[in-house]
Structure formats: C-alpha cells, structure tokens
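Student:
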Amino acid sequence: MRSHHRPAAAHVRRACQALLLTVLFAAGSRAGAATYHVDPAGSDARDGLTPSTAWKSLTKVNATTFTAGDRILFARGGEWRGRLWPRSSGTAGNPIVFDTFGSGAKPIFWGSDPIANASFTPAGSGTYSCALPGLPAGQIYVLQDHRFLGTSAATYNAPILTIASSSDPRTDGKTYTVCVRGNVIYSNDKNHLVFRNLVVDETAGELDDGNNQGYGIRIQGSTGVLVEDCEAYRCGRHNIGVINSTAFIGRRITCAYAAPRVSGCNTIYVSYADANAPAASCVHEWIDCVSDHAESGDGGFYDAFTTHGPNQGAITFRNFRVNGGKVSLMAGPVLFQGGELAGMSRLESWSDNVVVDGTVLRDQSFVDQWANNGTFQNLVFANGTPSESGAFILRPGRSGNVIRFCTIALAGHECLAFYGAAPNTRWYGNIMLGTVTSGGNASDVAYADANFYSSSATIMGQSLSAWKASGKDASALSGVPQFTNQTAGDYTLQASSPCIDAAGAVAAANIPATDTNGNLRPSGGSADIGAAERTASGSGAPVITSPATANATIGAVFTYQITASNGPTSFTATGLPGWATVNGSGLITGTPTIPGSAAVVVGAANSTGSGSRTLSITIAPASPPGTTTGGTTTGSSSTGGSTSGSSSSTGSSSTGGTTATVDTIDTGGTGSGAGCGLGSGVAGSALIMSLLARRLFAVGCRRC
426 MRSHHRPAAA
436 HVRRACQALL
446 LTVLFAAGSR
456 AGAATYHVDP
466 AGSDARDGLT
476 PSTAWKSLTK
486 VNATTFTAGD
496 RILFARGGEW
506 RGRLWPRSSG
516 TAGNPIVFDT
526 FGSGAKPIFW
536 GSDPIANASF
546 TPAGSGTYSC
556 ALPGLPAGQI
566 YVLQDHRFLG
576 TSAATYNAPI
586 LTIASSSDPR
596 TDGKTYTVCV
606 RGNVIYSNDK
616 NHLVFRNLVV
626 DETAGELDDG
636 NNQGYGIRIQ
646 GSTGVLVEDC
656 EAYRCGRHNI
666 GVINSTAFIG
676 RRITCAYAAP
686 RVSGCNTIYV
696 SYADANAPAA
706 SCVHEWIDCV
716 SDHAESGDGG
726 FYDAFTTHGP
736 NQGAITFRNF
746 RVNGGKVSLM
756 AGPVLFQGGE
766 LAGMSRLESW
776 SDNVVVDGTV
786 LRDQSFVDQW
796 ANNGTFQNLV
806 FANGTPSESG
816 AFILRPGRSG
826 NVIRFCTIAL
836 AGHECLAFYG
846 AAPNTRWYGN
856 IMLGTVTSGG
866 NASDVAYADA
876 NFYSSSATIM
886 GQSLSAWKAS
896 GKDASALSGV
906 PQFTNQTAGD
916 YTLQASSPCI
926 DAAGAVAAAN
936 IPATDTNGNL
946 RPSGGSADIG
956 AAERTASGSG
966 APVITSPATA
976 NATIGAVFTY
986 QITASNGPTS
996 FTATGLPGWA
1006 TVNGSGLITG
1016 TPTIPGSAAV
1026 VVGAANSTGS
1036 GSRTLSITIA
1046 PASPPGTTTG
1056 GTTTGSSSTG
1066 GSTSGSSSST
1076 GSSSTGGTTA
1086 TVDTIDTGGT
1096 GSGAGCGLGS
1106 GVAGSALIMS
1116 LLARRLFAVG
1126 CRRC
C-alpha cells in the first residue's frame, strides 16, 4: 500500500509546489499594488483603502499617481459629475484597473450639470431663458428628463441660454440638464489601463480644446487599453472613440443615442489612427458590442461605426450588433464576424480584402461594397427589404469580390445589384430567393456554381436554363429550399431539403471551415448550400425565434420568453437592465423603473453549439412624457434613458440611494494620499504567501 501511495503523494507535492509558484508569480506581479475605493459618501481626507474609508471625488482620483496593478473601484449606485482622466500608466500584463465595488447599478459619470427650474424666465413663443455664464463654445445641448430637448442645439448668447419647451420648466417638475463636459472617460495618453462596468451619460459638452460635441469615452495615444462592460449614452461627436491607439480591446460595450444635428456629424463608435499613432499599424478588437438609436435628429441616422486613418491596421469585430446606422469600413484589414444589422443599417466597405462572416442582416439592412477582393460568407438576409437596390450592392469598377454560402431571402429587391462593371465577381454555394441580379454583365462573372434559386429565377436577364447553357452555374438547383421556419427567422435546413450535400461542385479550398452557427463544414459527404450546415444530429445550434423587439412600461411587470429552434437546453440574457432577471427556462421578468431602451443579447445553447440575437426593449413611462421640439411633441428619436443595467438620475437626485458628487476635493483633514496602501498591501500579500507556502510544503505542495 505504501509503494502504491508514494507516487501519488509525490505527484500531489509537485502539483502543489507548481501552484505555489504560480500564485507567487501572480502576487509578485501586483507587489506594491493597492486597491482604492471611491464613493459619493466618502471623503478625500481618507486613505481610500476600504469601502468605509473611501475617497469622494474624481479630482482626487485624477490627482493621484497610481502604480501598475493598482485598482480604483467606484461604488455601484454612485454618480459623479466630472471627468475620469488617469495620470498614470500600468504595464503589460499588470494594468491599472478602474472598476466597481458593492451592489446595484453601475456608477454613472455625467457630462452634464443640472439647471435649477426656478432660474428660467419666459422669453415668449414657448421659449424660456436662464443665465448660465461660462458655457463652452459651439453647440449647447439641453436635456429634459434625460432626453435631448428637441432636434437641434439650444440657443446660447452668453450668458443667456434659451430653450423651447411645450411645458413651463418652472412648474413642470421635470429635470433640466445642460451638457458641459466631453471626454468624460479619457485614457489621457496613458497605457495599459482597464475601464470596466462604468457608464457615461450626457457628454455632448466641452472637449479639451474648448469646443463642444464631446466624446463619451475617449481612448487616445494609448497602448493596451481594455474597455469592458461599459456604456455610453447621449454623447456628441462619438459615444466611444479610439484614436491613435493600439492593442485596444472593447468588449461588451453598449452605446446609444447621440446629440441631434451635431456639426460635422457623429459616429457612435470610431477607430482612427494617423501618423501620430504609437504604431504604424494600430490593432483594435471589438467584441460583443452594441450600437443602438443612432438617430441624427434630421430624420436620418449617424454612422454606427467608422474606421479610418492611414495608420489604422487590423480591426476585428466579433458579434457586433447594430440597430440603425451605417458601419463604414474605410481602413483595415477588417474581419467582421457574426453579429447583426437591423433596422435601417448598412455595412459599407471601402477597405480592400475585408472578410464578413456569419452576420445576420434584417429589415432594411444591406451590404454596400465600394472595395475590391472582399469575401462575404455565411451571411443571412432575413426576410428584409433593403433600403437600396439589393442585399449586395457592387459599385462600379470593384473587382474580385466573392459571395459564398449565404442565405438571401428578401421580401423585395435583388440579391445582387451591379451598379456598373464588377470584373472577376464570384458567387457560389448561396441560397438566393427572389430576383437574383439587377444590372451587370455576364462577362464580369468569373465563377458561379452550386447556387440554389427560386423556380422562376432570372440571372442577368437570363432564365436559369439559359444561364447554365452559357457555362455558368452548371450544378445550380431551383425550387423551395425547405427552411426549418422562415417565418420565425430560422433558416436552418429541414432533413428533406434539396440544399443538403448539394455544393459538391465547389472545391474544398473554397468552402468556409464553419457555417453561420459555427458548425463545421461539411458535416456530410459534401457541403450544404446556404449559410447553415445541417449536422448529423439535426440542424445544429439553436437559432433564436422569439421576437427581436419588446415593449415595457414603468411600474408594470414585464415578461419575455426566449424561444429557439433545434432543442435548446439552456438560455442566457446578457446586458439586462438592473430591474430584470432571466431564469433557466429563458423567461425574462421584472418591473421597469426608468424610461428608455435596453439592448439585450439573448442566447440559447445545446450540445451542438449556441445562437444569439439582440433583443431591443423599449421602456415607456407610465404616462407619455412628450419630448418637445419648439412646443411640439416628438417621437422616439428623442427618447432616452440608460440601458443595460444603468439607471438615470434626475439632476442631483439619487441612483440607488447615492447622491451625485460634483467634482471637488474635500478639505478639513489630512489624508495619507497616494501610496497609503503600499505598506499594508505588500505586508498583507507577504503574510498570505508565507502562510500558503508553509501549508503547501508542509503537506508536500486627439480627435478624428
């Protein structure tokens, strides 16, 4: 028995020793690091090292020099009216982290200040004025109950601010705020930072150059910054801009609403790099991010995302979701993988060699290709009516583009719209229902085969039989593809579908390795035609079939059932507002507390894989509040409200019971200042490591 157990004991000892070394290494990477706390109820005279001795202000945070590995935690439920501008850099693998502590809503950093209702006086014709000296130059934006007031900026002739309102601000009980700050979270040319679980709101205020149209979150001149689980609402030029920065990751960011009629326009997200960037080719990743409500105030939309600049290098999008607005790819190379475009959206590519893979396009969304040698694969166009001529628009003179293994099921317009000569175009392995092409010349088609068309399809003015006779699409099929449930948005294939194993004519090198749901291709003898490969166990990963939109009302119980095809065994909902929860059966319930909207990623999974889509929840007030435009009630483009777990405050009132803090430093005490936790942090780590070691070995172990 001893000889049997000795090797096991030695194995345990070696494993424990390895674990100790790992822990010691990790602890060493934070040697000297401290954790600081910030709370509106705190005091800057304290040391900040515990929740009960928290600092109070952003000014204190911004004035403190931190070291690599330090963590600065803001109280959940807290609000600040000021900017977060770090003055220190972390190091690679040991960043300075700005995060949260406690429970409740994410902390909010406001770019606005409240206007006292009593300060207004009538100015005639439904207008009201107040004296606000010192406002920044440029467009001035006022919000009423956290909605932009009207569809243009207010009038400011210093020091008099004039607004148009259908109600008297002196007596209507509404909250009025004015945007005075931009760049509310700013990397400040510092490196290796993490911003997590923070919310910025009403930031269409002053930039650092004295002009208005501020960003919400601005990452500039930085290397190695992560922005994760943050939110940006009601901003100016950009909700989040990454400028002249590299090794950037944005993960699970939600952005919505922008100031109306911004001079020079707005893009909700931007990646930009020029000759001032820290690298000749700046690299960015955007993962599981959402752009919603990009209405511009003039009946159109701002861009949801823009990439541009001569030093902007590789950009990767994974599961990026857009509800209204254009994704404009002007620099790259770009990989746009997964995600969804809904509402009046478009994916517009000006960058050669773009790869778009597995994206779902709904409603009026389409692809607009202004570049060369793009690859578009595994896309699903779901019962939409593109707002221009087709699912894919190929601009004049653009060559070498490949459209393969897509499912295009439109309610109107063509699958492919040629706006002129498009030499060396290739399309194969696609399901294309309805009118296949408009415009174009057969001589521009370098290769077409193994496509599935509707029974009456015409291709470049020819019947399918004539098209085949011309040497194109020799193995093409036509008829009904037999989707699992097209009405519910499920474009997987039934077992009897003629599209199964029907892409055998396509060379293996030209077949994408996976389908739109991440299933391997081929699962049978040959690849299936269309975006979804039917697996040996059935149609593969779940496809969400429940509606993409839902309505809720403040004070009323809200319920929404997530449903999906292909036998889901679990459900998820990411980005739920704080008032909502989801159970194991996929039922979302809760009672809304604030108006606005929420963009929630609902998902379902089975043994084969998982599927997801964005659910847009619109939350109406108990009684219609009516935003105003020169005395006229307007529609939803003006509505607001923080989403995805944040909650709006009303002026200086509270969110989660915590009063908003204006950016000032406390007086009347001597604080230990930066570095107070250095000794205690090191001593504590050393003590823990010492005890752990004894125990283990004792048992053997600028702006764009």
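Adding 425 to a residue's 1-based position in the sequence shown gives its number in the numbering used here. C-beta: ideal position from N, C-alpha, C; glycine also.
1) Quick check: the segment 984-997 against the segment 532-542, are at least 3 beta-carbon pairs closer than 8 Å?
2) What three-state label does DSSP hand valine 982 in the structure shown?
3) Which same chain residues end up closer than 6 Å to asparagine 701 when comparing Cβ atoms and leaving out the 5 residues on each side of it in sequence?
4) Out of Val781, Asn798 and Tyr461, point me to the one whose CA is closest to phenylalanine 830's CA.
5) Could you have a look at asparagine 935 and say whether DSSP puts it in helix, strand or coil?
6) Considering only their Cβ atoms, is the gap separating glycine 809 from serine 774 smaller than 8 Å?
7) What distance in whole Å lies between the Cβ atoms of phenylalanine 673 and histidine 709, which are believed to be in contact at a cut-off of 8 Å?
8) Just reading off the alpha helix (DSSP H) that serine 890 is part of, what are its end residues?
9) Output needed for arginine 496: all residues of its chain with C-beta closer than 6 Å, excluding positions within five of it in sequence on either side, in chain order.
10) Would you list the residues sitting across from glutamine 762 in a DSSP beta bridge?
11) Please go through the segment 650-686 and give each complete beta strand (DSSP E) segment of 3 or more residues, from N-terminal end onward.
12) Use the C-beta contact count for arginine 677: other C-beta atoms within 10 angstroms, 16 or more gives buried, fewer gives exposed.
13) Can you pull the DSSP bridge partners for lysine 751?
14) In this structure, how does DSSP classify threonine 484 when only helix, strand and coil are distinguished?
15) Less than 8 Å between the beta carbons of cysteine 660 and threonine 628, yes or no?
16) Could you check which residue in Gly738, Val759 and Tyr872 has the C-alpha nearest to that of alanine 704?
17) Secondary structure at alanine 543, three-state DSSP: helix, strand or coil?
18) Could you tell me how far apart the beta carbons of proline 1017 and alanine 966 are, in whole angstroms, since I believe they sit closer than 8 Å?
19) Out of Thr489, Thr596, Ile588 and Lys615, which has the shortest C-alpha to C-alpha gap to threonine 602?
20) By how many angstroms is the C-alpha of threonine 679 removed from the C-alpha of alanine 1023?
21) Distance, Cα to Cα, glycine 943 vs threonine 580?
22) Under the assumption that leucine 804 contacts leucine 786 (Cβ atoms under 8 Å), give the Cβ distance between them as a whole number of angstroms.
23) Am I right that isoleucine 828 and glycine 955 are in contact with their C-beta atoms under 8 Å? What's the rounded C-beta distance?
24) Could you tell me the distance, in whole angstroms, from the CA atom of leucine 498 to the CA atom of proline 1002?
25) Would the segment 832-842 and the segment 810-823 be scored as touching if the rule is three or more Cβ pairs under 8 Å?
26) Measure from the C-beta of glutamate 773 to each C-beta in chain C and report whether the shortest distance is under 8 Å.
27) Taking just the CA atoms, how far does glycine 768 sit from threonine 974?
28) Using CA atoms only, rank isn't needed, just tell me which of Ser554, Ser903, Gly646 and Val695 is closest to asparagine 664.
29) Straight-line CA distance for isoleucine 1019 to proline 923?
30) To the nearest angstrom, how far is it from the Cα of proline 511 to the Cα of cysteine 690?
31) Would you kindly work out how many angstroms separate the C-alpha atoms of serine 366 and aspartate 469, rounded to a whole number?
32) When you compare the segment 584-598 with the segment 500-510, are there three or more beta-carbon pairs, one atom per stretch, that lie closer than 8 Å?
Tutor: A quick look at the data gives this:
1) The segment 532-542 is not in contact with the segment 984-997.
2) The answer is coil: DSSP assigns valine 982 none of H, G, I, E or B.
3) Cβ neighbours of asparagine 701 beyond the five flanking positions: Asn669.
4) The shortest Cα separation from phenylalanine 830 among Val781, Asn798 and Tyr461 belongs to Val781.
5) DSSP, read as helix, strand or coil, puts asparagine 935 in helix.
6) No. Outside cutoff.
7) Rounded, the Cβ-Cβ distance is 5 Å, consistent with contact.
8) Per DSSP, serine 890 is one residue of the alpha helix (DSSP H) stretching across 889-894.
9) So the qualifying residues of the chain are Thr460 and Val522.
10) Under DSSP, glutamine 762 shares a beta bridge with Arg743 and Asp782.
11) For the segment 650-686, whole beta strand (DSSP E) runs of length 3 or above, ordered along the chain, are 651-653, 656-660, 665-668, 673-676 and 679-683.
12) Burial is judged here by how many other beta carbons sit within 10 angstroms of a residue's own beta carbon; arginine 677 has at least 16 and is buried.
13) Looking at the DSSP output, lysine 751 sits in a beta bridge with Asp728 and Arg771.
14) Note: threonine 484 maps to helix in three-state DSSP.
15) Yes, the Cβ-Cβ distance between cysteine 660 and threonine 628 is below 8 Å.
16) Cα-wise, what sits closest to alanine 704 is Gly738.
17) Here alanine 543 sits in helix by DSSP.
18) That pair is no contact at about 31 Å.
19) Nearest C-alpha to threonine 602: Ile588.
20) Rounded to the nearest whole angstrom, the CA to CA distance from alanine 1023 to threonine 679 is 9 Å.
21) A straight-line Cα-Cα distance of about 53 Å links glycine 943 and threonine 580.
22) Going by Cβ atoms, the distance from leucine 804 to leucine 786 rounds to 7 Å, so yes, they are a contact pair.
23) At roughly 12 Å, the Cβ-Cβ gap does not stay under 8 Å, so isoleucine 828 and glycine 955 are not in contact.
24) A straight line joining the alpha-carbon of leucine 498 with that of proline 1002 spans about 21 Å.
25) Yes, the segment 832-842 is in contact with the segment 810-823.
26) No chain C is part of this structure, which consists of one protein chain only.
27) Straight-line measurement puts the Cα of glycine 768 at about 11 Å from the Cα of threonine 974.
28) Out of Ser554, Ser903, Gly646 and Val695, Val695 has the C-alpha closest to the C-alpha of asparagine 664.
29) Here the alpha carbon of isoleucine 1019 sits roughly 50 Å from the alpha carbon of proline 923.
30) Cα-Cα distance, rounded: 28 Å.
31) Residue coverage of the chain in this structure runs from 426 to 1129, which leaves residue 366 outside it and unanswerable.
32) Too few Cβ pairs lie closer than 8 Å, so no.
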